[in-house]
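Numbering (my numbering), first residue to last: 1174 to 1411.
Below is one structure, written out as structure tokens; the observations come after it.
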Ligand code: ADP
Ligand code: MG
């Protein structure tokens, strides 16, 4: 399960309100993309959902349960970081197993989950390598593997491909879409790239200065943008 509900969630840093109270529902299994220009609050919103930032107001629920003050490791959501967050001195196997080791799972269960994740991500032959001996795309897959082994209710991605080159980015975009089709787990994906949003999303949330301008499928946003900001950002002819 992975239904996430935000009820009047807001965030201020000091006196500056970067997210005015907003409501949002993410259905179980949806691929939702938060898109908007730099500084509009995408990362902050994702970090609130992940529990990496405390809300200033409102409530976050995961599958109906109040998660607003639940610590990140216990929310059942897994943030996928950029591949440079891997530990260079650890093998791929140890990198992927890291969250399980922290959670104290026994060695056999760790190995079972790592083997399974490596299979899904085509990393089975690379488990004994170090991140430095992998390509950029493989490193990004290891970062995703570290999230998969936690068997989360949802995956949270914050511009995971922004430090990859353009060709690799297109390939990884496809891989993440395929992974979603296979796992059918809720994914929330943050990007400032309209093409990424239009090609990957079931549902796009367009953000502008911390507010939701519009929520809809790529086609809905393209055909019936609510305002000039959405039209301009999505590139539709309004
Ligand atoms: P985006 O990810 O869309 O580029 P962010 O969520 O990173 O935007 O930032 C939204 C706004 O919140 C920006 O104005 C940013 O400067 C501000 N902000 C983000 N994090 C902090 C923080 N820890 N302290 C103060 N201001 C912050
Ligand atoms: Mg950001």
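Note that the Cβ used here is the ideal one computed from N, Cα and C, for glycine as well.
Where the alpha helix (DSSP H) containing residue 1364 begins and where it ends: Residue range 1359-1364 is occupied by the beta strand (DSSP E) that includes residue 1364, with no alpha helix (DSSP H) assigned at that position.
Top-ranked residue by Cα proximity to residue 1339, from 1353, 1309, 1351: Out of 1353, 1309, 1351, 1309 has the C-alpha closest to the C-alpha of residue 1339.
Any heavy atom of the ligand ADP nearer than 5 Å to the CB - residues listed: Residues flagged by the Cβ proximity filter: 1186, 1191, 1211, 1212, 1213, 1214, 1215, 1216, 1217.
Whether residue 1138 touches residue 1224 by CB criterion (8 Å): Since the first and last residues shown for the chain are 1174 and 1411, residue 1138 lies out of range.
C-alpha distance - residue 1400 paired with residue 1263, whole-angstrom precision: Each residue's Cα considered, the two are about 49 Å apart.
DSSP-derived helix/strand/coil call for residue 1399: In the three-state scheme derived from DSSP, where H, G and I count as helix and E and B as strand, residue 1399 is classed as coil.
Residue 1347 - DSSP class collapsed to helix/strand/coil: Residue 1347: helix per DSSP, three-state reduction.
Residue 1331 beta carbon near the ligand MG (any heavy atom closer than 7 Å): The closest heavy atom of the ligand MG lies less than 7 Å from the beta carbon of residue 1331.
Environment of residue 1282 [buried if 16+ CB atoms lie within 10 Å]: Residue burial annotation: residue 1282 is exposed, with fewer than 16 other C-beta atoms found within 10 angstroms of its C-beta.
Expected contact under 8 Å - CB spacing of residue 1206 and residue 1327 to nearest Å: Between residue 1206 and residue 1327 a beta carbon distance of about 13 Å is seen, past the 8 Å cut, so the two are scored as non-contacting.
Reference residue 1384, options 1402, 1307, 1275, closest by Cα: Looking at the Cα atoms, 1402 is the closest of the given residues.
8 Å Cβ cutoff met for residue 1177 and residue 1235: Contact: yes.
Exposed unless 16 or more other CB atoms sit within 10 angstroms - verdict on residue 1306: Flag for residue 1306 reads exposed.
Separation of residue 1240 from residue 1183, as counted between CA atoms: Distance between the alpha carbons of residue 1183 and residue 1240: 15 Å.
Whole runs of the alpha helix (DSSP H) within the stretch 1276-1347, excluding any shorter than 4 residues: You should have 1280-1293, 1309-1321.
Where residue 1258 sits in the DSSP three-state scheme: Helix.
Of the residues 1318, 1292, 1331, the one placed nearest residue 1304, counting alpha carbons only: Per the Cα distances, 1318.
Best match in 1311, 1198, 1211, 1333 for proximity to residue 1254 [C-alpha to C-alpha]: That would be 1333, whose Cα lies nearest to the Cα of residue 1254.
Residue environment, residue 1420, which counts as buried when at least 16 other CB atoms sit within 10 Å: There is no way to answer for residue 1420, as the model of the chain reaches only from 1174 to 1411.
Per-residue DSSP class, three states only, for residue 1178: Strand at residue 1178.
Helix, strand or coil at residue 1408 [DSSP, three-state]: Three-state DSSP puts residue 1408 in coil, outside helix and strand.
Residue 1363 CB to nearest heavy atom of the ligand MG below 7 Å: Yes, Cβ of residue 1363 sits closer than 7 Å to a heavy atom of the ligand MG.
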